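Below: the structure, in C-alpha coordinates.
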Amino acid sequence: MLQFNPFFRCSVQDALEHPCFANIRKLSKECLAENPVKIDFEDEVLDKVMLRKTFLKICNEIQSD
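Quick note, the sequence shown lines up with residues 68 to 132 if you use this note's numbering.
Here it is, written out as C-alpha coordinates:
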(Lines of atoms letter the chains of each structure in order from A and count residues from 1; the text may use other names and numbers.)
(Lines give C-alpha, C1' and ligand atoms only; values in the text may rest on other atoms or scores of the structure.)
Protein backbone atom coordinates (compact mmCIF):
# COMPACT_ATOMS: atom_id res chain seq x y z
CA MET A 1 0.00 0.00 0.00
CA LEU A 2 2.94 2.36 0.47
CA GLN A 3 4.19 2.11 -3.08
CA PHE A 4 4.32 5.54 -4.71
CA ASN A 5 3.52 4.08 -8.13
CA PRO A 6 -0.16 2.97 -8.09
CA PHE A 7 0.64 0.26 -10.65
CA PHE A 8 2.62 -1.62 -7.97
CA ARG A 9 0.16 -1.03 -5.10
CA CYS A 10 -2.17 -3.79 -3.99
CA SER A 11 -5.84 -2.91 -3.67
CA VAL A 12 -7.34 -2.01 -0.30
CA GLN A 13 -9.41 -5.18 -0.39
CA ASP A 14 -6.33 -7.32 -1.11
CA ALA A 15 -4.46 -5.62 1.73
CA LEU A 16 -7.31 -6.22 4.19
CA GLU A 17 -7.50 -9.87 3.20
CA HIS A 18 -3.76 -10.39 3.71
CA PRO A 19 -3.01 -13.10 6.32
CA CYS A 20 -1.17 -10.60 8.55
CA PHE A 21 -4.55 -9.03 9.40
CA ALA A 22 -6.39 -12.31 10.02
CA ASN A 23 -6.09 -12.13 13.82
CA ILE A 24 -6.72 -8.41 14.22
CA ARG A 25 -9.50 -7.59 11.75
CA LYS A 26 -12.90 -6.86 13.23
CA LEU A 27 -15.34 -7.19 10.35
CA SER A 28 -18.19 -5.92 12.52
CA LYS A 29 -16.38 -2.57 12.92
CA GLU A 30 -15.50 -2.09 9.26
CA CYS A 31 -17.48 0.34 7.16
CA LEU A 32 -17.17 2.37 3.99
CA ALA A 33 -16.45 6.08 4.21
CA GLU A 34 -19.38 8.24 3.16
CA ASN A 35 -16.99 10.74 1.54
CA PRO A 36 -13.51 10.46 0.07
CA VAL A 37 -10.81 10.61 2.73
CA LYS A 38 -8.66 13.74 2.44
CA ILE A 39 -5.43 13.97 4.41
CA ASP A 40 -3.98 17.46 4.89
CA PHE A 41 -0.50 16.59 3.67
CA GLU A 42 -1.69 15.23 0.31
CA ASP A 43 -1.13 18.58 -1.36
CA GLU A 44 2.36 19.06 0.12
CA VAL A 45 5.63 17.90 -1.37
CA LEU A 46 7.28 15.73 1.27
CA ASP A 47 10.57 13.90 1.37
CA LYS A 48 10.67 10.30 2.62
CA VAL A 49 11.63 11.21 6.20
CA MET A 50 8.88 13.81 6.58
CA LEU A 51 6.33 11.55 4.91
CA ARG A 52 7.11 8.72 7.34
CA LYS A 53 6.89 11.05 10.36
CA THR A 54 3.56 12.44 9.15
CA PHE A 55 2.18 8.98 8.40
CA LEU A 56 3.14 7.68 11.86
CA LYS A 57 1.60 10.74 13.50
CA ILE A 58 -1.69 10.14 11.72
CA CYS A 59 -1.62 6.43 12.58
CA ASN A 60 -1.07 7.27 16.25
CA GLU A 61 -3.95 9.77 16.20
CA ILE A 62 -6.27 7.14 14.69
CA GLN A 63 -5.26 4.55 17.31
CA SER A 64 -6.03 7.05 20.09
CA ASP A 65 -9.66 7.39 18.95
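From the three backbone atoms N, C-alpha and C, an ideal C-beta is built for every residue, glycine too.
Since the model is a prediction, treat every value here as computed from it, not as a measurement.
**Message:** Rounding to the nearest angstrom, what Cα-Cα distance links E84 and K96 in this structure?
**Reply:** 15 Å
**Request:** Pull up the distance between the alpha-carbon of L113 and that of F71, whole angstroms please.
**Result:** 12 Å
**Asked** Does DSSP put D93 in a helix, in a strand, or in coil?
**Response** Residue identity check: residue 93 is Lys in the sequence provided, not Asp. The answer is coil: DSSP assigns K93 none of H, G, I, E or B.
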